[in-house]
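A quick write-up on the structure given underneath.
In my numbering, the protein residues as written are 2 to 273.
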């Protein structure tokens, strides 16, 4: 595990961990791991943010990189804007919700925080392309909650991503962010004039996709997830790739379900 920093855009460097498995030989398949609303990327490797020598217990299978390396997959754990080391520190008065200030600043610039986070993922892929030990044809993006939302949009928009596993984020807009209180980082102004979330995710077809949700998730209701997945499945069927689209429903709430989800993803990766 190595801590790195790569450049995204002026005044916006991205801290990250690059994690390589010890049980397989390169070139490695790699998962870009995105934490949601939390104390940051350190959760992906199961260490304390302020003392990286101190191991911590990470709930809800959110130690993504540990799960990747156990399965022979490398991981790039990105510190997303407004989380962890990139949280707002300079303003005298900071919004109670960590993302709100960054969302407002991005809107003032004609951008969205969600789009900026996707851009950081793309620059992370640039970093990976400069390494000789990464299989650039086997890049997965994954994350839970806010990290899952960025995974959805990154998969839809970035052609170098080959696999996606968003967790507790895919739903209908109507039944989630339009009906239930959510962080402002989820919103793209005007998007519902043109698309529902299944339409956005459908841009990833025919590439392999594992959608993960919890049956008791209160902010992404499972019935609405099933409805959105039905719409998505029709898009994949039209692309001749219905078998590449999977839904995993975990027996719990708003979290990742590693043991339920990884078997589907590993089978898809082995096909390539």
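Every residue, glycine too, gets a C-beta built ideally from N, C-alpha and C. Given the structure is predicted, the values throughout are model-derived calculations rather than measurements.
Sheet register partners of residue i (DSSP bridge)
i           : result
residue 3   : 19
residue 14  : 8
residue 166 : 143
residue 247 : 211
residue 195 : Answer by DSSP bridge pairing: none, since residue 195 is not bridged.
residue 56  : 48
Buried versus exposed, by CB contacts within 10 Å (16 or more), residue i
i           : result
residue 12  : exposed
residue 259 : buried
residue 182 : exposed
residue 117 : buried
residue 5   : exposed
residue 166 : buried
residue 206 : buried
residue 112 : exposed
residue 102 : buried
residue 279 : Only positions 2 to 273 of the chain appear in the structure, and residue 279 is not among them; the question remains open.
residue 225 : buried
residue 95  : exposed
residue 70  : buried
residue 179 : exposed
residue 186 : buried
residue 27  : exposed
residue 137 : exposed
residue 110 : exposed
residue 219 : exposed
residue 191 : exposed
residue 273 : exposed
The ligand NAD heavy atom lying under 7 angstroms from the CB of residue i
i         : result
residue 6 : With respect to small molecules bound, the structure shown includes none, and the ligand NAD cannot be examined in it.
Contact with chain B by residue i, beta-carbon distance below 8 angstroms
i           : result
residue 196 : Absent here is chain B; the protein component of the structure consists of one chain.
Range of the contiguous beta strand (DSSP E) that encloses residue i
i          : result
residue 48 : Taken as a continuous stretch (DSSP letters only), residue 48 belongs to no beta strand (DSSP E), as it is neither H nor E.
residue 33 : 29–35
Residue range of the alpha helix (DSSP H) that includes residue i
i           : result
residue 228 : 223–239
residue 267 : 259–272
Discussion item. With three or more C-beta pairs closer than 8 angstroms as the rule, is the segment 40–60 touching the segment 235–245?
Written reply: As far as the Cβ criterion goes, the segment 235–245 does not touch the segment 40–60, which means the pair count is below three.
Discussion item. When you compare the segment 197–205 with the segment 159–177, are there three or more beta-carbon pairs, one atom per stretch, that lie closer than 8 angstroms?
Written reply: In short, these stretches touch, since the Cβ pair count reaches three.
Discussion item. With a threshold of 8 angstroms, are at least 3 pairs of Cβ atoms found where one atom belongs to the segment 128–145 and the other to the segment 104–114?
Written reply: The segment 128–145, when compared against the segment 104–114, does not touch it at the 8 angstroms Cβ threshold.
Worksheet item: Considering only residues of the segment 68–148, which uninterrupted beta strand (DSSP E) runs meet the minimum length of 3 residues and lie entirely inside it, listed in chain order?
Response: Complete beta strand (DSSP E) runs here, min 3: 75–79, 135–145.
Worksheet entry | At least 3 beta-carbon pairs within less than 8 angstroms: the segment 66–84 vs the segment 6–24 | Three or more beta-carbon pairs drawn from the segment 66–84 and the segment 6–24 are found closer than 8 angstroms, and the two stretches are therefore classed as touching.
Worksheet item: Counting Cβ pairs, one atom from each stretch, are 3 or more of them under 8 angstroms apart for the segment 77–96 and the segment 24–43?
Response: Taking a cut-off of 8 angstroms for Cβ pairs, the segment 77–96 and the segment 24–43 touch, as three or more such pairs fall below it.
Worksheet item: Is there contact here, the segment 265–273 with the segment 226–237, by at least three beta-carbon pairs under 8 angstroms?
Response: A contact between stretches requires three or more CB pairs, one per stretch, nearer than 8 angstroms, and the segment 265–273 fails this requirement with the segment 226–237.
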